[in-house]
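Visitor: Protein chains in written order, with this note's numbering: chain A, 1 to 749; chain B, 1 to 226; chain C, 1 to 88; chain D, 1 to 88.
Sharing a structure with you now.
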Amino acid sequence: MTLDTVGRAASTPQTEQPWAELGLKPDEYQRVREILGRRPTGAELAMYSVMWSEHCSYKSSKVHLRQFGEKAPESDAMLVGIGENAGVVDVGQGYAVTFKVESHNHPSYIEPYQGAATGVGGIVRDILAMGARPIAVMDPLRFGAADHPDTRRVLPGVVAGIGGYGNCLGLPNIGGEVVFDPCYQGNPLVNALCVGVMRHEDIHLAKASGVGNKVILYGARTGGDGIGGVSVLASETFDDTKPAKRPAVQVGDPFQEKLLIECTLEIFGEKLVAGIQDLGGAGLSCATSELASAGSGGMRIELDAVPLRDSSLSPEEILMSESQERMCAIVEPDKVDRFLEICEKWDVGATVIGEVTEGSRLEIFWHGEQIVDVPPRSVAHEGPTYQRPLARPEWQDALQADDPGRLPRPTDGRELREQVLRLVASPNQASKAWVTDQYDRFVQGNTVLAQPEDSGMVRIDEDTNLGVAVATDGNGRYAKLDPYTGAQLALAESYRNVAATGAKPLAVTDCLNFGSPEDPAVMWQFAEACRGLADACLTLGTPVTGGNVSLYNQTGDTAIHPTPVVGVLGVIDDVNRRTQMAFAEEGQLIYLLGETREELGGSAWSQVIHDHLGGRPPAVDLERERLLAEILVAASRDGMVDAAHDLSDGGLVQALVESCLRGGRGARVVVPDDLDPFVFLFSESAGRAIVAVPRSEEVRFTDMCGARGLPAARIGVVDGESVEVQGQFDIPLAELREAHEATIPGLLA
Amino acid sequence: MTARIGVITFPGSLDDQDSRRAIRVAGAEPVSLWHRDRDLHQVDAVVLPGGFSYGDYLRAGAIARFSPVMESVIAGAREGLPVLGICNGFQVLTESHLLPGAMLRNNHLHFVCREQRLRVENTGTAWTSDYTEGQEIRIPLKNMDGRYTADERTLDMLEAEGRVAFRYLGSNPNGSLRDIAGITNGAGNVVGLMPHPEHAVEPLTGTGGTDGLGFFTSILKRLVAV
Amino acid sequence: MARVVVDVMLKPEILDPQGQAVQRALPGLGFQGVSQVRQGKRFELEVEGPVDDAALARVRELAETFLANTVIEDFTVRVEPETEKAAS
Amino acid sequence: MARVVVDVMLKPEILDPQGQAVQRALPGLGFQGVSQVRQGKRFELEVEGPVDDAALARVRELAETFLANTVIEDFTVRVEPETEKAAS
Ligand SMILES: Nc1ncnc2c1ncn2[C@@H]1O[C@H](COP(=O)(O)OP(=O)(O)O)[C@@H](O)[C@H]1O
Ligand SMILES: [Mg+2]
């Protein structure tokens, strides 16, 4: 095969090219030809096709994501905003924190272990590329029905992969989610979040500037794995009737990544890099074009210099390979030797593959011949943008009209008792210890809170005790009923979880998991969710710093529930003041904060007891969320509460049971006069939490709530060996524990 | 002058930072040692930390055992240098034959991370003198390959010589034979265990206790007394 | 009773970190001249009854659907003579 | 260039939970008549130069000291004919 050089491309305009197979649309291919003024070479075509794929270019989502910037609240905390590998937030004392959540959904269905493992690896490199030391990971997960046979294949593999990779990297896993719903049967959602910390002055950006600076590729060798994975896997509806199309999946090497982290941090420490980018989706195509596009000059790459695992790879394949555990750095010439020395110390391969040039072109050579000559911006940042048609689904009205109010309710204490036990034993409400016990949450010795607490919390300074907290939440059932409100509820819950542990919420990351953007109904859901999240972030004063979009999560014509997953980062000045969820002290008073209305749409109760999804999700009151958070943070700081737990799916009774089991203490609770016991226990009204108040603090605490206008009702006391709702039922802790803890092991053993 | 305790970093070591912190909290001076460097820099004792040296590829601890620094550790240990192997470090010690037996994949095949109750069975070692015989402690456990195995003769010998230093209490977390959580060599200077005392030296982190601190205060007392 | 052996190896184009780690350690052990190491899994199945073509076909199916993930792994199935047992 | 294969299996008296887990899953997959499953490791070494007795002896030593832990594992070493490559 003759090499398709730039010269040859110019002289053979008629050559047929496989643009359609590579996922380009006719008009997209035409645009490439216009940009170049000729047909692209094979290598250029490869680059444009991966970089213009949905996954890399956000072509369907971009117009909606813009709102996160346009409506961003004023925030002094934002140091780096959307558009970089990850946003960076000021957390005080000269520290900056970066965090981001990403999806690895499709690969995790095909090869659960490696798909999930490489998902963790990818997000960790993103965080590292900002200049930060990764300090923790989290994993929001969603699977098909808990009792479906394929869930027994996918879930253990995913969990083992996340643990296998994260544990080996030495990153504590401090939280996540495990949700089951038949809608995720063929499309499990494997999202991974990483948090990193650095000093302000250590922030690094992905840009190539300084003519003559060297481009160094370091880390693993480039192999033939995952070629085209990014465009094919992430942008095509998964169709299991055609196994022949199954693309290659990458295998991760967490050990290599650990070395890459330590090596990179040492390189940062000696200030040896002018720009840096991780290699993720679209591999070298992405790294070189993004670095060059963001920088001031051009870039010249000698592709022959790339160390290969398989010498038979073609230049196109090298450009598209998604081999893991690689990074690309821009280094001043007189620092190259030291850079390579540090790599050698850590047994990390490193090679100079090119340099920053004058001019503005990205030029790539192979055996001395030019195979790429493109304006890098056109590849990296000027991909197509679609204003896809959107339409409110015609079934939306009927779904919302199907109010759970008509469902039969428990009529007496005996029925309530029975339903409480069914609720806490249901797969979504049951203990996730089977999963989280496979994750190292202690490594690095700074984990202050981890699962099952409301948020994970990590100390970032051992002398001052400064810390950060992160929670992630999402509820596809709420979002299906109303995507605008559903997205806001996800944010509200995550925000509340952070505040419940005593940290002040600062910033947001999100992973938007949806079906096919080519379906107007899905596109409407997506648009509504973006609008809802952007509006809510504005009101709460927590900017979106970055995130990820995963589309085409559907099997045939059936999309998953719209599932925006929202991560919130908070800061706490002194981690000694954190609030835990456990009711640990006999005699403390239990207060319910917030208002309880009859809100059962999308609730756990409607799902568990009636297998029902309909009506409207709980109403959102963001001002109330903000007030609740302020009270929770103040109460933690001033030592007014000993325990706090937010209320979300499963309502009050779920939270109560969790806090009792965690502390090994019972509770005696009285239903407030103005509430029906069933509504009191199962409603999922937002903006609520329960707290345990020492008697000595009661007056101070209630005065504060009263003065600020936050409803606070004393509902009971920490006491005994059971959860008793007076006049209704009494369930021994042992019975609750058995119900709560046996379910997941029973399903997976 | 306080004791200088070396902590080795192999490629893939993870809990080296925590081990150094624990040594500091106990009042000794941590010294970082590098796997490629044969020189032990005159440390008074050595900790082989937890983690996944060389990714735990091949077998946990199998590749690290051949690193240059281990030649010196093995030679030193034979002459009485106190050595503590935690988790992956314990695996390195068995692979190096400084301690008998071998470590296998947990019988349930999963990584397990939890608070673990242990009984201290031998307080005569360099690393356990600050505990009392039979004392119950709670420290974190986290591993994939923690199932201690040896043939019956070896097990009987360990029991007879009092060299089972720690035993799991409550449900056995990994299928370890005779509930063995850690052992010592005959001289008592080399100790290995699967759970992580270095994660239990301050109330705020780990599982929220300081039961692990005794390992580091024990060695400190012994070294300063010498 | 016969022993059927299923060997499962990562496909050649797939990264094999374990094999790589072993290979990198060899020179340090004074072992030269090994250009590549791949590490895979070996399953030994003790099958009751005759191992005829039908039985082998079933083992093959088992390997394909369960023992290997053919997205990243290849496998071979063979009947092992009941001899070579002892070490080395 | 030749391929030398080292198979490493847990000693028969050592519990093999991985093999057991496979075996336990078989009936659920509609697979009867397998009385035991053991899972081990297979190493493929591409050795440069001729694989004579001396070379094999060295691989055996490598297996003994490094690839297997003989406290718990047995191993076998053999030269593989360069043929059986493809899947199934
Ligand atoms: N996949 C997971 N990985 C880590 N932690 C998890 C995972 N799934 C759930 N958790 C943790 O379990 C606890 C309970 O989860 P969940 O009920 O979803 O919390 P909440 O309702 O407060 O968001 C939380 O601490 C959460 O972080
Ligand atoms: Mg919560």
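The C-beta atom is built at its ideal place from N, Cα and C for all residues, glycine as well.
Keep in mind the model is a prediction, meaning the values are calculated, not measured.
For a cutoff of 8 Å on Cβ pairs, would you count C:A21 as touching chain A?
Guide: At a cut-off of 8 Å, the C-beta of C:A21 has a neighbouring C-beta in chain A.
Visitor: Tell whether a beta-carbon distance below 8 Å holds between B:P68 and B:R38.
Guide: yes
Visitor: At the level of alpha carbons, what is the spacing between A:R377 and A:E290?
Guide: For A:R377 and A:E290, the distance between alpha carbons rounds to 7 Å.
Visitor: Comparing alpha-carbon positions, which option in A:Q444, A:K335 and A:T702 lies nearest A:R459?
Guide: A:Q444
Visitor: If you run the structure through DSSP and keep just helix, strand and coil, what is A:D240?
Guide: Since pLDDT at A:D240 reaches only 38, below the 50 mark, its modelled position is unreliable, and the value read off the structure follows with that caveat. If DSSP states are grouped into helix, strand and coil, A:D240 belongs with coil.
Visitor: Can you tell which of A:L24, A:Q30 and A:V723 has its C-alpha closest to the C-alpha of A:A667?
Guide: A:V723
Visitor: Give me the Cα-Cα distance between A:Q451 and B:G55, rounded to the nearest whole angstrom.
Guide: 25 Å
Visitor: Would the stretch 65-78 of chain A and the stretch 42-52 of chain A be scored as touching if the rule is three or more Cβ pairs under 8 Å?
Guide: no
Visitor: Any residues in the stretch 434-446 of chain A with a beta carbon nearer than 9 Å to a beta carbon of chain B? Which ones, in chain order?
Guide: Hits within the stretch, in order: W434, T436, D437, Q438, Y439, D440, R441, F442, V443, Q444, G445 and N446.
Visitor: Please specify which runs of the beta strand (DSSP E), each continuous and at least 3 residues long, are wholly inside the stretch 37-104 of chain B, giving them in chain order.
Guide: 45-48, 83-86 and 102-104
Visitor: In chain D, what lies closer than 7 Å to B:L109 by C-beta?
Guide: P17, Q18 and A21
Visitor: Write down the C-beta distance between B:F111 and B:G182 rounded to the nearest angstrom, noting that I regard them as a contact closer than 8 Å.
Guide: About 19 Å; that fails the 8 Å criterion.
Visitor: Return helix, strand or coil for A:S235, following the three-state DSSP convention.
Guide: Legend: pLDDT at A:S235 = 40, less than 50; position of this residue unreliable, value from coordinates given subsequently. Looking at A:S235 - three-state DSSP - the assignment turns out to be helix.
Visitor: Please decide whether C:A87 counts as near chain D, where near means a Cβ-Cβ distance under 8 Å.
Guide: A caution first: C:A87 carries a pLDDT of 41, below 50, which makes its placement in the model unreliable, though a value can still be read off. Output row for C:A87: interface = yes.
Visitor: If the cut-off is 9 Å on Cβ atoms, which residues from the stretch 401-435 of chain A count as contacting chain B, listed in chain order?
Guide: From the stretch 401-435 of chain A, only A433 and W434 have a Cβ closer than 9 Å to chain B.
Visitor: What first and last residue would you give for the alpha helix (DSSP H) that runs through A:W605?
Guide: A604 to H610
Visitor: I'd like the span of the beta strand (DSSP E) that includes C:V129, first residue to last.
Guide: Outside the shown range of chain C, which is 1 to 88, sits residue 129 of chain C, and nothing can be said about it.
Visitor: Could you check where the alpha helix (DSSP H) with A:F143 kicks off and where it finishes?
Guide: Note, A:F143: premise wrong, no alpha helix (DSSP H); beta strand (DSSP E) at R133 to F143.
Visitor: Would you call the CB atoms of A:A86 and A:D27 closer than 8 Å?
Guide: no
Visitor: For a contact defined as C-beta to C-beta under 8 Å, what are the partners of D:F66 on chain B?
Guide: L58, A62 and F66
Visitor: Looking at the C-beta of A:T237, does it have a partner C-beta in chain B at a distance below 8 Å?
Guide: Note on A:T237: pLDDT 41, under 50, position unreliable in the model; the coordinate value appears next. Between A:T237 and chain B, the shortest Cβ-Cβ separation is not below 8 Å.
Visitor: Does A:L24 pass the burial test, meaning 16 or more other C-beta atoms within 10 Å, or should it be called exposed?
Guide: buried
Visitor: Within this structure, are the beta carbons of A:A274 and A:V348 separated by less than 8 Å?
Guide: Cβ distance not < 8 Å, so A:A274 and A:V348 don't count as in contact.
Visitor: Buried or exposed for B:H41, please, with buried defined as at least 16 other CB atoms from any protein chain shown within 10 angstroms of its CB.
Guide: exposed
Visitor: Looking at the unbroken beta strand (DSSP E) that takes in B:W34, where does it start and where does it end?
Guide: E29 to W34
Visitor: Can you tell me the Cα-Cα spacing of A:A305 and A:R221, whole angstroms?
Guide: 11 Å
Visitor: Once you ignore the five residues that flank A:V670 on each side, which residues in its own chain have a CB closer than 7 Å to its CB?
Guide: The answer, listed in chain order, is I715, G716 and Q726.
Visitor: Based on the DSSP output, what are the partners of B:Y168 in its beta bridges?
Guide: Paired residues: B:L118.
Visitor: The alpha helix (DSSP H) with D:R60 in it runs from where to where?
Guide: Its alpha helix (DSSP H) spans residues D53 to L62.
Visitor: For C:L62, return the contacting residues in chain B, with the cut-off set at a CB-CB distance below 9 Å.
Guide: Within 9 Å Cβ-Cβ: nothing; C:L62 doesn't reach chain B, min ~19 Å.
Visitor: Keeping to the same chain, check which residues put their C-beta closer than 6 Å to that of B:M215; ignore five residues upstream and five downstream.
Guide: Per the sequence shown, the amino acid found at residue 215 of chain B is Phe instead of Met. Only W127 and P197 meet the Cβ criterion.
Visitor: Taking A:A644 as the reference, which of A:I690, A:S603, A:P618 and A:E599 has the closest Cα?
Guide: Taking only the C-alpha atoms, the option nearest A:A644 is A:I690.
Visitor: Determine the chain B residues that contact A:K778 at a beta-carbon separation under 7 Å, and present them in chain order.
Guide: Absent from the model: residue 778 of chain A. The displayed extent of chain A is 1 to 749, so no value can be given.
Visitor: Determine the burial state of A:M299: buried for a count of at least 16 other Cβ atoms within 10 Å of its Cβ, exposed for fewer.
Guide: buried
Visitor: Does any C-beta atom of chain A lie closer than 8 Å to the C-beta of C:V71?
Guide: yes
Visitor: Whole angstroms are fine: how far does the CA of B:K221 sit from the CA of B:L81?
Guide: Rounded to the nearest angstrom, the two C-alpha atoms are 15 Å apart.
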